[in-house]
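Quick note on the working numbering: the sequence shown kicks off at 193 and runs consecutively. Even glycine gets a Cβ: it sits at the ideal position worked out from N, Cα and C.
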Amino acid sequence: MKAAVLEPEVPWKVRALEEIEDLAKTGATFTADTLRERGVPEPPKHQNQWGSVFGTASKRGLITKADYSSSRRKSRHGGFLHAWRGVPRAGA
Numbered sequence: 193m194k195a196a197v198l199e200p201e202v203p204w205k206v207r208a209l210e211e212i213e214d215l216a217k218t219g220a221t222f223t224a225d226t227l228r229e230r231g232v233p234e235p236p237k238h239q240n241q242w243g244s245v246f247g248t249a250s251k252r253g254l255i256t257k258a259d260y261s262s263s264r265r266k267s268r269h270g271g272f273l274h275a276w277r278g279v280p281r282a283g284a
């Protein structure tokens, strides 16, 4: 019988940035709700971490703001929901 290989838990920010990078390559617009739909859990400390992770991706040149709307999530009470799009890469 083989021993089960346990994968180390991936830190939340690393997981979220990986999903953002994958979505950015598609050229489609996406939001934090899209990441949730793809299985990224809620941030471990505070909901403001969503903004921070998108800010990091933007500063790295991966994404740019594409649009915004009001969130439909009950917990957000109609707050702004930014939509993002990947930045075209040279040679891509």
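- prompt: Is the stretch 206-213 in contact with the stretch 245-255, if contact means three or more CB pairs nearer than 8 Å?
  reply: Taking 8 Å as the limit for Cβ pairs, the verdict is that the stretch 245-255 does touch the stretch 206-213.
query: Is DSSP giving Gly-283 helix, strand or coil here?
result: Taking the first residue of the sequence shown as position 1, residue 283 is located at position 91. Low confidence applies to Gly-283: its pLDDT is 47, below 50, so where it sits in the model is not reliable, and the reading given next is rough at best. Secondary structure of Gly-283 (DSSP, three-state): coil.
- prompt: Considering only C-alpha positions, which residue in the set Ser-262, His-274, Arg-281 is nearest to Leu-227?
  reply: Locating residue 227 in the sequence shown gives position 35, counting from the first residue. Checked all of Ser-262, His-274, Arg-281; the closest Cα to Leu-227 is His-274.
query: Alpha carbon to alpha carbon, how far is Gly-219 from Asn-240?
result: In the sequence shown, counting from the first residue as 1, residue 219 sits at position 27. In the sequence shown, counting from the first residue as 1, residue 240 sits at position 48. Cα to Cα, Gly-219 sits roughly 25 Å from Asn-240.
task: Mind checking which residues open and close the alpha helix (DSSP H) that includes Gly-278?
output: Mapped onto the sequence shown, residue 278 falls at position 86. If you look at Gly-278, you'll find it isn't in any alpha helix (DSSP H); it sits in the beta strand (DSSP E) that goes 272-278.
With 16 other Cβ atoms within 10 Å as the buried cut-off, status of Thr-256: In the sequence shown, counting from the first residue as 1, residue 256 sits at position 64. Its Cβ having fewer than 16 others within 10 Å, Thr-256 is exposed.
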